[in-house]
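Protein chains in written order, with the working numbering: chain A, 3 to 200; chain B, 6 to 194.
Everything below concerns the one structure shown next.
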Amino acid sequence: MQAPKLTPPQADALVDELAAALEEMVARSCADMAPLWLDATRSARALIGDDAVPELGFVPSPRFMALSKGARSRYRALAAWRHAVLWQRAHVSVADAEFHDAMEVVYFTAYPDNAPPYSWSQSAAKAPGVERFESPTTLKNHAKEGCWHSVDALLRRKAALLARQDWESELRSRLLRPATRRSLRELLKLESHPHWER
Amino acid sequence: MDEMTLRRWALGTLPSQERRDVSRWLVRCTDPALPALLHGILQDARDEQADAVLRRRGPLWTRLADAWQQLIDDSTAFLSSGQAAIALAEAGGPPPPPLQLAADRLHVSVPSGVRFALYVTDDNGRAETLCGPEESTGDRVVGVPRGLGARATFWLVWGAQLPVGEPLDVVGSARGQGASVFAVRQVEP
Chain A
3 MQAPKLTPPQ ADALVDELAA ALEEMVARSC ADMAPLWLDA TRSARALIGD
53 DAVPELGFVP SPRFMALSKG ARSRYRALAA WRHAVLWQRA HVSVADAEFH
103 DAMEVVYFTA YPDNAPPYSW SQSAAKAPGV ERFESPTTLK NHAKEGCWHS
153 VDALLRRKAA LLARQDWESE LRSRLLRPAT RRSLRELLKL ESHPHWER
Chain B
6 MDEMTLRRWA LGTLPSQERR DVSRWLVRCT DPALPALLHG ILQDARDEQA
56 DAVLRRRGPL WTRLADAWQQ LIDDSTAFLS SGQAAIALAE AGGPPPPPLQ
106 LAADRLHVSV PSGVRFALYV TDDNGRAETL CGPEESTGDR VVGVPRGLGA
156 RATFWLVWGA QLPVGEPLDV VGSARGQGAS VFAVRQVEP
């Protein structure tokens with residue numbers, strides 16, 4: 003049986019959406035999010051079809067490969083969530099202005115350290131914008147609420163896509179899957195939820 | 006695609022349309038080596054940027070750092086902050102020493118993007134990490150821990166090869182990794 007495929011215009015539009023969100027994510031967090039997201043979504047991106055490029059097309063320099071930090075698997079979920087939030091505009095669905103702003107400050111503000119924890123979550127007192135909140139603790143608590151609402155929006159979006167039963171929607175839902183895995187709960191310190199992916 | 010173009014993407018130096026073309030290629034590429042390659046390119050670019058920041062800081066900062074290192078290397082006795090100020094003034098100030106001790110605070114001045122770490126050794130030579138290794142985000146003030154003894158020495162080390170996020174044996178391994186070292190000794194009032 004032939005594997006389902008996107009039409010060229012569908013694939014082109016999807017690649018462009020993902021590329022735009024990738025650039026926005028790097029600008030609004032840190033550079034290491036790019037390789038982490040690429041790692042988290044590799045199998046889903048392979049389903050884009052004829053548009054997928056299975057090989058680099060050149061031999062990577064050993065010098066660069068030696069400099070790689072290696073897998074930081076627990077942060078792949080963070081990259082996947084950040085990308086999905088921007089791709090699906092899930093931050094807009096956080097209705098409470100304080101929760102929304104706090105999430106933006108902690109998770110969607112450039113983080114020059116570009117090292118774990120890859121966000122202002124452990125240095126909230128130094129986050130640009132912390133002065134808008136009563137205290138760093140308030141900022142972190144509100145950010146957690148904002149994150150939860152964004153994850154909830156992503157889960158609902160994924161369920162809606164799966165209900166459509168066409169291949170493009172299925173592929174889009176698979177691209178969202180790494181953003182809603184249970185490992186994210188630990189990273190963002192969120193409560194359990196019955197729809198967490200395993 | 007080639008590594009040079011990926012590097013320019015990582016550094017954000019591509020024009021917007023070319024940048025989008027590379028972003029699209031990244032989305033489409035499913036080679037398992039790509040994430041590690043991009044990590045390596047980013048790391049290499051960061052190291053180079055940190056070196057460039059030091060060079061941009063200008064000859065004075067570099068010259069002072071060199072002078073400090075030579076003073077520390079050549080001298081068996083460390084300088085007090087007062088002596089340091091005199092030495093720096095003679096070196097052609099106005100002096101911006103990267104580490105200044107004032108009462109119970111340390112003023113650390115390391116250019117943004119440069120990797121650095123701050124340590125203290127107490128009267129008995131025991132070392133404690135005060136911050137880092139990490140990339141500087143600009144000048145900062147660090148509180149001096151209590152109970153160090155009157156002759157504690159504060160060590161600022163910086164260099165592109167310092168392993169960010171990993172503890173470092175104070176001076177020996179820092180120098181082993183090509184780092185510059187700057188020290189200020191606390192003296193009895």
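Using N, Cα and C, we set each Cβ at its ideal position, and we do this for glycine too.
CB contact below 8 Å: B:Met6 versus chain A: yes
Would you give the residue range spanned by the beta strand (DSSP E) that A:Pro10 belongs to? Looking at the DSSP string, A:Pro10 is not in any beta strand (DSSP E); the run it does join, the alpha helix (DSSP H), is 10-29.
What residues match up with B:Thr134 in a beta bridge as DSSP calls it? B:Tyr124
Let's see if you can read the secondary structure: which residues bound the alpha helix (DSSP H) around A:Gly148? 138-166
CB A:Ala129 to CB A:Thr111, shorter than 8 Å? yes
With 8 Å set as the bound, which would you pick, yes or no: does the beta-carbon of B:Trp30 sit closer than that to a beta-carbon of chain C? Of the protein chains in the structure, A and B, none is chain C.
Helix, strand or coil: which one does DSSP assign to B:Thr81? Unreliable placement is indicated for B:Thr81, whose pLDDT of 35 sits below 50; no coordinate value is reported for it.
CB-CB under 6 Å to B:Ile46, same chain, minus the five flanking residues each way: which ones, in chain order? Leu11, Arg12, Ala15
Collapsed DSSP secondary structure at B:Thr10 in the structure displayed: helix
When you compare the CB of B:Cys142 with every CB in chain A, is at least one pair closer than 8 Å? Residue identity check: residue 142 of chain B is Thr in the sequence provided, not Cys. Answer yes: the Cβ-Cβ gap between B:Thr142 and chain A drops below 8 Å somewhere.
Residue range of the beta strand (DSSP E) that B:Leu31 falls in? Note, B:Leu31: premise wrong, no beta strand (DSSP E); alpha helix (DSSP H) at 21-33.
Contacts around A:Val17, its chain only, beta-carbon distance under 8 Å, and the 5 residues preceding and following it disregarded: Ile50, Asp53
Tell me which residues share the same chain as A:Met27 and place their Cβ nearer than 8 Å to its Cβ, disregarding the 5 neighbours each side in the sequence. Met35, Ala36, Trp39, Ala81, Arg84, His85, Leu88
Give a yes or no on contact between the region 151-167 of chain A and the region 176-196 of chain A, applying the rule of three or more CB pairs nearer than 8 Å. yes
Under 8 Å, do B:Asp144 and A:Phe66 count as touching if we go by C-beta distance? no
What residues are listed by DSSP as bridge partners for A:Val132? Its beta-bridge partners do not exist; DSSP assigns none.
Please work out which residues of its chain come closer than 6 Å, Cβ to Cβ, to A:Arg90, disregarding the five sequence neighbours upstream and downstream, and give them in chain order. Here residue 90 of chain A turns out to be Gln, not Arg, going by the sequence shown. Within the same chain, A:Gln90 has close Cβ partners Arg159.
Where B:Ala15 falls: helix, strand or coil (DSSP): helix
Using a beta-carbon distance cut-off of less than 7 Å, what residues from the region 134-162 of chain A approach chain B? none
Give every residue of the same chain whose Cβ lies closer than 6 Å to the Cβ of A:Arg30, excluding the five residues on either side of it in the sequence, and list them in chain order. Phe110
Status (buried if at least 16 other CB within 10 Å, exposed otherwise) for A:Gly148: buried
Local Cβ density within 10 Å of A:Glu57, reported as buried at 16 or more and exposed below that: exposed
Which term fits B:Pro99, buried or exposed, when burial requires 16 or more other beta carbons within 10 angstroms of its beta carbon? In this prediction, B:Pro99 scores a pLDDT of 37, lower than 50, which makes its location untrustworthy; the coordinate-derived value is nonetheless stated afterwards. So B:Pro99 counts as exposed.
According to DSSP, is B:Gln105 helix, strand or coil? strand
Just the Cα atoms here: how many angstroms apart are B:Thr126 and B:Thr134? 9 Å
In whole angstroms, what separates the C-alpha of B:Thr142 from that of B:Ser114? 10 Å
Check this for me: beta carbons of A:Asn116 and A:Ala33, under 8 Å apart or not? yes
Are the C-beta atoms of A:Arg1 and some chain B residue less than 8 Å apart? Coverage of chain A is limited to positions 3 through 200, which leaves residue 1 of chain A absent and any answer about it impossible.
Since B:His112 meets chain A, which of its residues come closer than 9 Å, beta carbon to beta carbon? Those do not exist, as B:His112 stays about 17 Å from chain A at its closest Cβ, beyond 9 Å.
Determine, for A:Arg183, whether the minimum Cβ-Cβ distance to residues of chain B falls below 8 Å. no
Pull the bridge partners of B:Gly148 from the DSSP assignment, please. B:Arg110
List, in chain order, every chain B residue whose beta-carbon is nearer than 8 Å to that of A:Val55. Trp30, Arg33, Cys34, Thr35, Asp36
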